[in-house]
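Please read the structure below before turning to the comments.
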Amino acid sequence: MEVHIAHPGGGPAIVTMRGQLDVDSAPALRTAFDQLAAQGAAQIIVDMAGLDFCDSIGLSAFVVAHARCAAQGGWLRMAAPTPFLVRLLSVVGVADAVPMFATVDGARRGDRSDLVVYRLDGRVA
Numbered sequence: 099m100e101v102h103i104a105h106p107g108g109g110p111a112i113v114t115m116r117g118q119l120d121v122d123s124a125p126a127l128r129t130a131f132d133q134l135a136a137q138g139a140a141q142i143i144v145d146m147a148g149l150d151f152c153d154s155i156g157l158s159a160f161v162v163a164h165a166r167c168a169a170q171g172g173w174l175r176m177a178a179p180t181p182f183l184v185r186l187l188s189v190v191g192v193a194d195a196v197p198m199f200a201t202v203d204g205a206r207r208g209d210r211s212d213l214v215v216y217r218l219d220g221r222v223a
């Protein structure tokens with residue numbers, strides 16, 4: 099898995115991932131979140147467009163990052179999740195705490211009209 103961090107224009111940090119987030123690759127994501135915490139970044143967007151898979155270890159990295167951001171008065175937002183990730187994050191409850199947006203730009207703005215919602219019938223709205 100590839101993890102990249104960007105800080106565009108003094109706004110929230112954007113963490114972009116490509117590949118599979120699992121027990122072998124989760125340390126790279128945790129390291130990225132640790133670096134951001136050390137820099138005092140309290141607003142983080144996770145661009146999930148290139149993320150093909152996520153297991154429970156990956157989910158725990160998101161939960162810990164969310165807690166860190168919230169403790170600093172900030173937030174963690176997910177952007178561009180695949181249908182698989184929308185379902186996964188919704189079913190396990192991560193989406194209850196960490197909002198999912200259709201686009202990075204929508205996540206940056208906190209645009210409620212860009213929110214991604216998993217419906218009980220299995221469709222993504």
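Each residue of the sequence shown is one higher than the one before, counting from 99 in the working numbering. By construction, the Cβ of each residue, glycine as well, lies at the ideal position given by its N, Cα and C atoms.
- Per DSSP, the beta bridge partners of A111 are I142.
- Counting the other Cβ atoms within 10 Å of the Cβ of V113 gives 16 or more, which makes it buried.
- Excluding sequence positions up to five before and after A147, its CB lies within less than 7 Å of the CB of A178, all in the same chain and listed in chain order.
- Counting C-beta pairs closer than 8 Å gives three or more between the segment 186-200 and the segment 164-178, which meets the contact rule.
- Put simply, the segment 120-130 does not touch the segment 183-190. Fewer than three CB pairs are less than 8 Å apart.
- Within the same chain, Cβ atoms closer than 7 Å to the Cβ of H105 are found at A111, the five residues on either side in sequence being excluded.
- According to DSSP, residue pairing for R116 in a beta bridge involves E100 and G148.
- Comparing alpha-carbon positions, the option among V162, S158, F151 and D120 lying closest to L134 turns out to be V162.
- Of A205, A139 and T180, the smallest CA-CA separation from F151 is found for T180.
- Here the alpha carbon of R206 sits roughly 17 Å from the alpha carbon of H102.
- The criterion of a C-beta distance shorter than 7 Å is satisfied by V202 and I143.
- By the CB criterion at 7 Å, L157 and V192 fall inside the cutoff.
- The beta carbon of D212 lies closer than 7 Å to those of F199, A200, T201 and G204 in the same chain, with the five residues before and after it left out.
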